[in-house]
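Note that UniProt numbering numbers the sequence shown so that position 171 is 171, with each residue one more than the last.
Don't be surprised by glycine CBs; every beta carbon is placed ideally from N, CA and C.
These numbers were taken from a predicted model, which means no experiment stands behind them.
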Amino acid sequence: MAKLKKQVKRTKEILSANTVAPISVESLYDDVDFRSTITREKFEELCGDFWEESLLPVKEVLKHSGLKVDEIYAVELIGGATRVPKLQAKLQEFLGRKDLDKHLDADEAIVLGASLHAANLSDGIKLNRKLGMIDGSPYGFMLELDGPDLVKDDNTEMLLVPRMKKMPIKMFRSIKHNKDFEVTLSYESANELPPGTLSNKFAQFSVSGLTEASEKYATRNLSAPIKANLHFSLSRSGIISFDRAEAVIEISEWVEVPKKNQTLESNITDTLNVSNETSPGHKTNDDESSNVEGETSSTTDSTIEGQDSADVTTEKILKKRTYRVPLKIVDRTSGPGTVLSKDAFSQAKLRLEALDKKDAERRRTAELKNNLEEYIYATREKLEDAEGIVKVSTEQERQSFAEKLSEVQDWLYTDGEDAAANEFKDRLDLLKAIGDPIFFRWNELTARPAACEHAQTYLSELQKIVSNWETNKPWLPKARTEEVLSEAGKIKSWLEEKAALQKKNSDFAAPIFTSEEVHEKIARLQDKVSSVNRIPKPKPKVEKPPKEEPDNKENATNTDSDNGSSSTTDEDTAQMDPPTGNPTDEAKETESHDEL
Numbered sequence: 001m002a003k004l005k006k007q008v009k010r011t012k013e014i015l016s017a018n019t020v021a022p023i024s025v026e027s028l029y030d031d032v033d034f035r036s037t038i039t040r041e042k043f044e045e046l047c048g049d050f051w052e053e054s055l056l057p058v059k060e061v062l063k064h065s066g067l068k069v070d071e072i073y074a075v076e077l078i079g080g081a082t083r084v085p086k087l088q089a090k091l092q093e094f095l096g097r098k099d100l101d102k103h104l105d106a107d108e109a110i111v112l113g114a115s116l117h118a119a120n121l122s123d124g125i126k127l128n129r130k131l132g133m134i135d136g137s138p139y140g141f142m143l144e145l146d147g148p149d150l151v152k153d154d155n156t157e158m159l160l161v162p163r164m165k166k167m168p169i170k171m172f173r174s175i176k177h178n179k180d181f182e183v184t185l186s187y188e189s190a191n192e193l194p195p196g197t198l199s200n201k202f203a204q205f206s207v208s209g210l211t212e213a214s215e216k217y218a219t220r221n222l223s224a225p226i227k228a229n230l231h232f233s234l235s236r237s238g239i240i241s242f243d244r245a246e247a248v249i250e251i252s253e254w255v256e257v258p259k260k261n262q263t264l265e266s267n268i269t270d271t272l273n274v275s276n277e278t279s280p281g282h283k284t285n286d287d288e289s290s291n292v293e294g295e296t297s298s299t300t301d302s303t304i305e306g307q308d309s310a311d312v313t314t315e316k317i318l319k320k321r322t323y324r325v326p327l328k329i330v331d332r333t334s335g336p337g338t339v340l341s342k343d344a345f346s347q348a349k350l351r352l353e354a355l356d357k358k359d360a361e362r363r364r365t366a367e368l369k370n371n372l373e374e375y376i377y378a379t380r381e382k383l384e385d386a387e388g389i390v391k392v393s394t395e396q397e398r399q400s401f402a403e404k405l406s407e408v409q410d411w412l413y414t415d416g417e418d419a420a421a422n423e424f425k426d427r428l429d430l431l432k433a434i435g436d437p438i439f440f441r442w443n444e445l446t447a448r449p450a451a452c453e454h455a456q457t458y459l460s461e462l463q464k465i466v467s468n469w470e471t472n473k474p475w476l477p478k479a480r481t482e483e484v485l486s487e488a489g490k491i492k493s494w495l496e497e498k499a500a501l502q503k504k505n506s507d508f509a510a511p512i513f514t515s516e517e518v519h520e521k522i523a524r525l526q527d528k529v530s531s532v533n534r535i536p537k538p539k540p541k542v543e544k545p546p547k548e549e550p551d552n553k554e555n556a557t558n559t560d561s562d563n564g565s566s567s568t569t570d571e572d573t574a575q576m577d578p579p580t581g582n583p584t585d586e587a588k589e590t591e592s593h594d595e596l
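What follows is the structure, encoded as structure tokens:
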């Protein structure tokens with residue numbers, strides 16, 4: 001089915017540029033290939049009502065925007081499907097336009113636009129200048145309240161965020177209620193949701209603490225019904241969240257405040273009025289006016305002080321106080337995308353571990369099955385084409401092995417399709433137990449003589465190397481060189497003995513000795529030779545002449561001076577003496593041994 005879908009998609013894309021397109025699917029069913037052709041006209045006929053349904057998004061855009069077709073200035077096509085000629089024709093017919101705008105790359109425009117918008121919002125990416133972008137909510141959100149004594153009406157089910165509301169935004173809703181309740185958030189229209197959406201409800205919360213707060217303040221003088229304020233926010237990504245909830249309680253209380261003294265106020269007013277009264281014909285000089293003002297001021301002050309010293313009374317007035325109590329919000333949402341509890345998380349972890357084990361077992365099964373199949377094909381080819389197999393196996397062995405290969409191959413494509421991994425491993429081990437000895441004898445048929453020839457060559461060269469040691473490296477311990485020669489003699493005798501036995505042995509039987517054994521013995525001998533060959537030449541010993549006893553200080557000084565210069569001369573002479581042996585011959589010998 002995957003092959004068919006892939007080829008159908010490719011054929012549809014070809015029909016966008018050609019009137020006829022081929023369709024070819026290999027091994028569609030029972031190893032039968034499917035090949036055919038289809039015309040663009042037939043393709044458009046098979047689509048049927050899909051062309052009319054393709055206009056629904058355009059109609060929805062016009063409906064929500066409140067625009068008419070003749071008010072549209074340009075129509076830009078975006079998306080790979082807009083390349084279909086029939087779709088373009090339907091859009092031209094519906095919009096009443098001869099040509100559609102194609103200024104943007106239909107495939108890359110959406111991706112580039114999303115990247116630019118993300119960079120515009122990100123704090124980690126700095127643009128040369130911020131682009132002014134206004135984004136709206138693609139869906140409308142509904143708020144539904146449910147709880148004791150809540151009557152279903154417009155106050156319990158309301159539109160929280162209208163479609164295309166500018167983002168981001170914060171909002172709150174109030175409900176007059178005095179008991180705990182449930183809050184449910186849902187999409188406004190279930191028909192506008194993507195295919196596969198099971199329900200338009202996506203979040204549910206439990207609000208508690210309102211009942212306790214109502215009981216606590218029930219005995220107080222409530223000036224208004226208790227209400228709950230619910231605060232929501234809509235992010236730039238179009239994700240709505242329930243931020244907090246609080247209970248609002250308004251109480252009227254009698255509070256004592258200082259009482260206003262009406263007698264004092266009237267006395268002050270009367271005094272001021274009397275002092276300012278004069279007859280129209282009366283004349284006074286400045287001194288008299290000053291005295292009158294002074295007397296009036298003195299009288300007023302004394303009156304106020306007298307009243308303050310009297311009793312100060314208070315009165316009770318009715319004042320309103322508002323208390324805000326935070327409410328507890330518990331997320332009760334269930335289904336995909338919700339936060340898991342500890343138990344649910346543990347169970348999910350166990351399920352994932354079980355699935356991982358199944359995946360590992362499935363991969364192991366596929367690998368072992370592939371190894372078994374590969375071994376069968378490779379082994380059968382060797383049995384049929386390799387000439388050396390005939391020399392190391394009998395006709396009966398080859399025939400029996402070929403029958404076993406056919407038997408396992410038949411099982412592999414019948415009962416073995418759904419077999420476990422261990423079954424593939426057991427059958428592979430069974431085939432290898434029969435085939436590996438045959439192929440091992442076949443490989444040794446050429447590898448063993450080559451290993452023996454290499455060993456003989458090395459043993460011959462080793463005799464020359466040891467002979468050169470006596471001339472170029474006389475400091476080498478004789479016991480070590482004799483040990484090397486003894487080991488070489490043992491290997492040579494072992495090779496001659498095993499080769500004689502191998503000639504008498506049948507090629508159909510297990511070999512007397514193997515090439516690997518020969519290589520191991522030669523490798524150990526080479527290590528021993530290298531360790532002896534690298535023994536350094538000992539440094540020559542320098543003997544100092546004995547010191548003479550001086551008769552006096554002067555003779556002692558002269559004698560010491562003479563001895564010191566003589567000693568220095570001897571050391572210099574010893575350092576300038578060339579080492580025994582030819583260093584060039586020694587280097588050549590080391591290089592020749594390393595090459596071997």
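How would you write the range of the beta strand (DSSP E) that residue i sits in, first residue to last?
i, result
"residue 203", "201-208"
"residue 159", "157-161"
"residue 187", "181-187"
"residue 145", "141-146"
Does the separation of the CB atoms of residue i and residue j fall below 8 Å?
i, j, result
"residue 328", "residue 208", "yes"
"residue 419", "residue 361", "no"
"residue 95", "residue 72", "yes"
"residue 479", "residue 525", "no"
"residue 601", "residue 252", "Because the chain here runs from 1 to 596, residue 601 falls outside it and cannot be looked at."
"residue 373", "residue 412", "yes"
"residue 459", "residue 529", "no"
"residue 246", "residue 148", "no"
"residue 424", "residue 338", "no"
"residue 77", "residue 98", "no"
"residue 34", "residue 15", "no"
"residue 316", "residue 254", "yes"
"residue 392", "residue 508", "yes"
"residue 183", "residue 230", "yes"
"residue 379", "residue 416", "no"
"residue 181", "residue 146", "yes"
Look up residue i in the DSSP assignment and give the residues it is bridged to.
i, result
"residue 35", "24"
"residue 245", "230"
"residue 136", "166"
"residue 597", "For residue 597 there is no data in the structure shown, the boundaries of the chain being 1 and 596."
"residue 598", "Residue 598 lies beyond the range of the chain shown here (1 to 596); nothing can be said about it."
"residue 174", "229"
"residue 314", "258"
"residue 330", "206"
How is the alpha helix (DSSP H) around residue i delimited, first residue to last?
i, result
"residue 437", "421-472"
"residue 103", "Taken as a continuous stretch (DSSP letters only), residue 103 belongs to no alpha helix (DSSP H), as it is neither H nor E."
"residue 494", "478-504"
"residue 402", "395-412"
"residue 375", "342-385"
"residue 515", "515-533"
"residue 539", "It is not in any alpha helix (DSSP H) - residue 539 carries neither H nor E in the DSSP assignment."
"residue 86", "85-95"
"residue 40", "40-47"
"residue 56", "56-65"
"residue 69", "From DSSP, residue 69 is part of no alpha helix (DSSP H); its letter is neither H nor E."
With distances taken Cα to Cα, identify the nearest neighbour of residue i among the options.
i, options, result
"residue 492", "405, 455, 80 and 388", "455"
"residue 161", "175, 177, 144 and 153", "144"
"residue 477", "443, 531, 461 and 349", "531"
"residue 173", "314, 159 and 165", "159"
"residue 189", "200, 118, 511 and 7", "200"
"residue 104", "83, 205 and 323", "83"
"residue 194", "139, 449 and 389", "139"
"residue 2", "25, 414 and 255", "25"
"residue 17", "81, 223, 506 and 206", "81"
"residue 484", "451, 527, 146 and 8", "527"
Check your understanding: Is the region 435-445 touching the region 494-503, taking contact as three or more C-beta pairs under 8 Å?
Key -> no
**Study point:** Touching by the beta-carbon criterion (3+ pairs, under 8 Å), the region 63-70 and the region 41-53
**Key:** Not touching, per the Cβ criterion.
Check your understanding: Three or more C-beta pairs closer than 8 Å, one from the region 219-236 and one from the region 341-360: is that the case here?
Key -> no
Review point. Is it true that the region 103-110 meets the region 129-143, where meeting means three or more beta-carbon pairs spaced less than 8 Å apart?
Key: Result no; under three Cβ-Cβ pairs closer than 8 Å.
Check your understanding: Pairing CB atoms from the region 511-520 with CB atoms from the region 442-454, are three or more of them under 8 Å?
Key -> yes
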